Amino acid sequence: MRIWKKLMVGFGVYVTLAAIIGIFAYVELRTITKRFTVVEVADDITNIILEVRRFEKNFLLYKDDDTFQEIKKYLAVLTDDTDKIRKEIIKEVGTDNYEMMKNAIAEYDFQINILSKNFKLQKEFISKIGVLTRSIEKNLSGDVLNSFLIVRKYEKNLMIYRDKDIYATLINTLNSPKFATAEVNRYRSLINGLFKLYREEQSSIEKIRSKARNIQTFTEDLSKRERANITTILSRSAILLLFAVLTIIILGTAVNIKIANSIATPLKQLEGITKKIATADFSKRIDVRGKDELASLGTAFNQMQDQLQNTMRFLELANEKLRESRAQLVETEKLATLGRFSAGVAHEINNPLAIINEKAGLMKDYIDMSEDFPNKEKFNVMLNAIFDSVRRCSSITHRILGFARKTDITPEAINLNSLVNEVLKFLEKEILYKSIRLELELSEALPVIKSDKIQLQQVFLNIIKNAADAVEEGGLIRISTGIKNNTTFQVSVEDNGYGIPKEMLKNIFEPFFTTKEKGKGTGLGLSISYGIIKKLGGNILVKSEQNKGTTFTVEIPV
Amino acid sequence: MRTTKVLIVDDEVEFASTLSERLSLRKYDAKAVYCAEDAFAIARSNPPDVVLLDLKIPGMEGTEIGKIIKQFNPAIQIILLTGESENKIISENLGKDISDYIVKPVEIGELTKKIDNAMKEKEKLDHSKGQP
Ligand SMILES: Nc1ncnc2c1ncn2[C@@H]1O[C@H](COP(=O)(O)OP(=O)(O)O)[C@@H](O)[C@H]1O
Ligand SMILES: [Mg+2]
Numbered sequence: 030m031r032i033w034k035k036l037m038v039g040f041g042v043y044v045t046l047a048a049i050i051g052i053f054a055y056v057e058l059r060t061i062t063k064r065f066t067v068v069e070v071a072d073d074i075t076n077i078i079l080e081v082r083r084f085e086k087n088f089l090l091y092k093d094d095d096t097f098q099e100i101k102k103y104l105a106v107l108t109d110d111t112d113k114i115r116k117e118i119i120k121e122v123g124t125d126n127y128e129m130m131k132n133a134i135a136e137y138d139f140q141i142n143i144l145s146k147n148f149k150l151q152k153e154f155i156s157k158i159g160v161l162t163r164s165i166e167k168n169l170s171g172d173v174l175n176s177f178l179i180v181r182k183y184e185k186n187l188m189i190y191r192d193k194d195i196y197a198t199l200i201n202t203l204n205s206p207k208f209a210t211a212e213v214n215r216y217r218s219l220i221n222g223l224f225k226l227y228r229e230e231q232s233s234i235e236k237i238r239s240k241a242r243n244i245q246t247f248t249e250d251l252s253k254r255e256r257a258n259i260t261t262i263l264s265r266s267a268i269l270l271l272f273a274v275l276t277i278i279i280l281g282t283a284v285n286i287k288i289a290n291s292i293a294t295p296l297k298q299l300e301g302i303t304k305k306i307a308t309a310d311f312s313k314r315i316d317v318r319g320k321d322e323l324a325s326l327g328t329a330f331n332q333m334q335d336q337l338q339n340t341m342r343f344l345e346l347a348n349e350k351l352r353e354s355r356a357q358l359v360e361t362e363k364l365a366t367l368g369r370f371s372a373g374v375a376h377e378i379n380n381p382l383a384i385i386n387e388k389a390g391l392m393k394d395y396i397d398m399s400e401d402f403p404n405k406e407k408f409n410v411m412l413n414a415i416f417d418s419v420r421r422c423s424s425i426t427h428r429i430l431g432f433a434r435k436t437d438i439t440p441e442a443i444n445l446n447s448l449v450n451e452v453l454k455f456l457e458k459e460i461l462y463k464s465i466r467l468e469l470e471l472s473e474a475l476p477v478i479k480s481d482k483i484q485l486q487q488v489f490l491n492i493i494k495n496a497a498d499a500v501e502e503g504g505l506i507r508i509s510t511g512i513k514n515n516t517t518f519q520v521s522v523e524d525n526g527y528g529i530p531k532e533m534l535k536n537i538f539e540p541f542f543t544t545k546e547k548g549k550g551t552g553l554g555l556s557i558s559y560g561i562i563k564k565l566g567g568n569i570l571v572k573s574e575q576n577k578g579t580t581f582t583v584e585i586p587v
Numbered sequence: 631m632r633t634t635k636v637l638i639v640d641d642e643v644e645f646a647s648t649l650s651e652r653l654s655l656r657k658y659d660a661k662a663v664y665c666a667e668d669a670f671a672i673a674r675s676n677p678p679d680v681v682l683l684d685l686k687i688p689g690m691e692g693t694e695i696g697k698i699i700k701q702f703n704p705a706i707q708i709i710l711l712t713g714e715s716e717n718k719i720i721s722e723n724l725g726k727d728i729s730d731y732i733v734k735p736v737e738i739g740e741l742t743k744k745i746d747n748a749m750k751e752k753e754k755l756d757h758s759k760g761q762p
């Protein structure tokens with residue numbers, strides 16, 4: 030995943046979670062608002078009921094039409110309100126209960142109507158009774174009148190107490206034959222009717238009260254239920270919100286930590302490796318994962334590191350080579366300087382040496398010429414000693430000059446095998462004289478090389494001559510030529526002579542180092558040979574064991 | 631065979647004079663000079679048969695001197711005297727102006743042999759030219 034995608038995912042997680050919570054909170058708020066309307070209406074209904082009940086009390090007390098109208102008005106509002114929240118109520122209490130409440134309201138309305146009619150009738154009856162009794166009392170006199178007045182007392186008590194016993198006594202009294210008149214009969218039937226109305230009023234009132242209580246408890250219950258609902262919703266919302274916030278924090282943090290890690294981990298790795306590279310440590314590579322920009326950065330970085338490492342290796346190699354060639358150059362230069370210096374010295378010595386030689390020669394000439402030169406023999410011995418010394422000196426100066434003058438190489442095509450054979454010809458006499466066994470292992474596959482022939486001849490002459498010097502009579506010299514690798518040839522000269530003591534190995538290439546008796550060795554052979562081979566870019570190796578033999582190996586570059 | 635006229639040219643006076651004397655003792659008509667001018671003078675007035683020429687004379691290369699001497703008489707044989715055996719100048723000029731060379735210090739027997747050889751060569755050349 031690309032980095033911006035990762036970041037978008039991280040961001041997206043937050044946005045999505047926030048949106049979910051937002052929507053959720055919005056929905057919850059809407060629900061609560063709706064619930065509150067229901068509560069309000071329910072409260073309204075409760076209030077209206079209370080109002081209705083107050084008016085009902087008044088109505089029962091004053092039995093007036095105004096109060097009746099008020100009740101009717103509030104009942105209409107009540108019906109309206111219950112219709113308004115019909116759905117909610119049904120949802121809350123079910124259709125049956127709702128219908129029951131509706132019926133209760135209707136019943137209440139109905140009973141109130143009945144009661145209102147009842148009250149009107151009562152008034153009518155009472156006024157009729159008033160008119161009738163006045164007429165009756167006018168027509169009666171004496172005991173009957175007195176008895177009737179007692180009846181009227183009963184009548185009053187009945188109206189006040191509405192008592193059954195009073196009613197029975199009243200009717201009983203009226204049933205006496207004294208009152209057997211048409212008017213009293215009418216009076217009695219009016220009293221009957223009124224008492225009946227009283228009884229009906231009582232039953233209506235009971236019904237009304239019972240219905241009102243029903244409605245009241247219903248609405249109160251509804252309101253209570255709604256409040257409880259809201260409380261539930263609120264606490265549920267609170268818990269859900271808390272949960273959602275926690276989820277956002279945990280999930281968002283987890284996702285973002287993962288994303289941050291996926292970005293930071295490769296960067297950290299990169300940083301670590303960069304630090305390593307800064308200390309020229311190329312051992313670590315970036316572990317490339319995924320497909321984002323960091324992965325391609327990692328791949329590119331690894332490639333860069335490979336390149337850098339290669340370049341470093343190349344530079345190190347080049348530096349090594351440079352150091353080697355500079356060392357070689359220094360060595361060559363040293364050799365050349367030494368050569369020039371010793372050549373100068375040799376030259377300066379060689380001329381007086383020539384003079385000594387001529388002067389002694391002239392002396393010898395004269396001594397030889399005179400017949401009777403005194404101590405002729407003695408002088409001849411001395412002169413011969415001078416000639417020997419001159420020869421010794423000149424062999425040194427010639428060697429030095431021979432080597433020193435050869436600072437430049439003249440390459441020509443050489444076959445190493447024939448070179449060895451040519452050199453052996455120079456030493457034929459010596460080899461024969463000491464009856465040395467010669468073993469040649471000359472490689473057939475040796476190609477022609479380009480090098481300085483005369484100088485190589487000098488090298489092999491020196492080495493083979495040393496071998497010949499080292500072996501006893503009948504000793505062995507084995508010369509082998511071959512290819513070491515595709516850049517180097519080698520020539521080995523092995524002898525079974527007296528060998529070189531270990532502690533002496535480091536000295537044999539020094540100029541003038543010799544173990545041979547005076548006049549025989551100059552100690553220049555190996556030092557000159559070494560100089561030549563180094564100049565040609567080759568190498569001379571020695572392996573030797575005292576009293577067992579020595580092997581010199583010359584390596585020559587192609 | 632007539633006496634061989636040998637001219638020694640070398641700036642080492644002691645060497646040249648002594649060698650000259652030794653050759654004289656061996657019946658050569660030897661003469662030593664120590665600079666190029668003297669050599670040329672003698673080559674003109676009394677041309678030698680063989681010249682023993684030092685490889686290096688101050689102010690002039692031996693081979694140069696040899697070349698000039700040869701101009702007086704191309705038959706004159708020149709033997710170079712050198713301090714070292716293998717020398718580029720010798721190997722380059724051998725067989726041209728220089729007929730032979732010998733390494734100092736000189737073995738007198740070897741030298742006389744070389745002079746005699748050179749003389750034979752000289753005489754051959756003289757004869758072929760029809761000179762006495
Ligand atoms: N093949 C060999 N066996 C034993 N010693 C050797 C051999 N080659 C060289 N040496 C030792 O190395 C010394 C130096 O040799 P070199 O430089 O040729 O001088 P020189 O031969 O004149 O003594 C010799 O004197 C000898 O002691
Ligand atoms: Mg040696």
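Sequences listed follow chains A and B, in order.
Residue numbering for the first sequence follows the numbering used here, starting at 30 and increasing by one per position.
Residue numbering for the second sequence follows the numbering used here, starting at 631 and increasing by one per position.
Ideal Cβ positions, reconstructed from N, Cα and C, are used throughout, including at glycine.
Bear in mind that the values here come from a model prediction, so they are computed numbers and not experimental data.
In the structure shown, ASN380/A adopts helical secondary structure according to DSSP, grouped into three states. The three-state reading of DSSP puts LYS549/A in coil, since its state is none of H, G, I, E or B.
Interface with chain A (9 Å Cβ-Cβ cutoff): GLY696/B is excluded. With a threshold of 8 Å, the Cβ atom of ALA496/A counts as near ligand 1, since some heavy atom of the ligand is closer than that. Of all residues in the stretch 372-396 of chain A, only HIS376, ASN379, ASN380, LEU382, ALA383, ILE384, ASN386, GLU387, LYS388, GLY390, LEU391 and ASP394 place a beta-carbon less than 7 Å from a beta-carbon of chain B. In this structure, ALA669/B has its beta carbon at no less than 8 Å from each heavy atom of ligand 1. The beta carbon of THR303/A sits no closer than 8 Å to any heavy atom of ligand 1. Remark: C-beta atoms of ILE134/A and LYS240/A approach each other more closely than 9 Å.
Chain-ordered, the chain A residues with CB closer than 8 Å to the CB of THR648/B read ILE384, GLU387, LYS388, GLY390 and LEU391. In the three-state reduction of the DSSP assignment, THR582/A falls in the strand class. At a threshold of 8 Å, ASP524/A counts as near ligand 1, since its beta carbon sits closer than that to one of the ligand's heavy atoms.
GLN357/A and LYS563/A have their C-alpha atoms some 8 Å from each other.
Scanning chain B for C-beta atoms nearer than 7 Å to the C-beta of VAL419/A yields PRO735, reported in chain order. When secondary structure is reduced to three states using DSSP, PHE518/A falls in the strand class. Spanning the alpha carbons of LEU570/A and PHE581/A requires a straight line of approximately 6 Å.
For a Cβ distance threshold of 9 Å, residue set LEU391, ASP394, TYR395 and MET398 of chain A lies close to LEU655/B, ordered along the chain. Within the stretch 78-136 of chain A, not a single complete beta strand (DSSP E) segment reaches 3 residues in length.
Pairwise C-beta distances place the stretch 405-419 of chain A out of contact with the stretch 449-456 of chain A, as fewer than three of them are shorter than 8 Å. Proximity of SER556/A to chain B, defined by a Cβ-Cβ separation below 9 Å, is not satisfied. In this structure ASP679/B is not in contact with GLY692/B, their Cβ atoms being roughly 18 Å apart against a cut-off of 8 Å. Secondary structure note for ASN204/A: it is in no alpha helix (DSSP H), with a DSSP letter that is neither H nor E.
Taking 8 Å as the cut-off, the C-beta of SER573/A counts as close to a heavy atom of ligand 1. Contact annotation: the stretch 471-482 of chain A touches the stretch 501-512 of chain A, with at least three C-beta pairs closer than 8 Å. Neighbourhood of GLU691/B in chain A, by CB distance below 9 Å: empty, with the nearest CB roughly 15 Å away. When C-beta distances to chain A are compared with 9 Å, the residues of the stretch 734-753 of chain B below that value are LYS734, PRO735, VAL736, GLU737 and ILE738, in chain order.
Within the stretch 167-197 of chain A, the complete alpha helix (DSSP H) segments of 4 residues or longer fall at 171-190, listed in chain order.
Nearest neighbour of LEU326/A by Cα position, chosen from SER354/A, LYS297/A, ILE279/A and ALA307/A, turns out to be LYS297/A. Inter-residue distance for MET690/B and ALA671/B is about 16 Å (C-alpha atoms, whole angstroms). With respect to the 9 Å criterion, ALA497/A and ILE465/A are classified as neighbours on the basis of their beta carbons. For the pair LEU263/A and ILE118/A, the CB atoms are not nearer than the 9 Å cut-off. In its chain, beyond the 5 residues on either side, GLU85, TYR137, GLN140, ILE141 and LEU144 have a beta carbon closer than 8 Å to the beta carbon of ILE237/A. LEU471/A: not part of any alpha helix (DSSP H); member of the beta strand (DSSP E) spanning 466-471, first to last residue.
The alpha-carbon separation between ARG355/A and GLY552/A amounts to approximately 28 Å. Set against 8 Å, the gap from the CB of LEU346/A to the closest heavy atom of ligand 1 is not smaller. Of GLU322/A, VAL488/A, MET411/A and LEU337/A, the smallest CA-CA separation from ALA307/A is found for LEU337/A. Of the residues VAL180/A, ASN214/A and ALA211/A, the one whose Cα lies closest to the Cα of THR198/A is VAL180/A.
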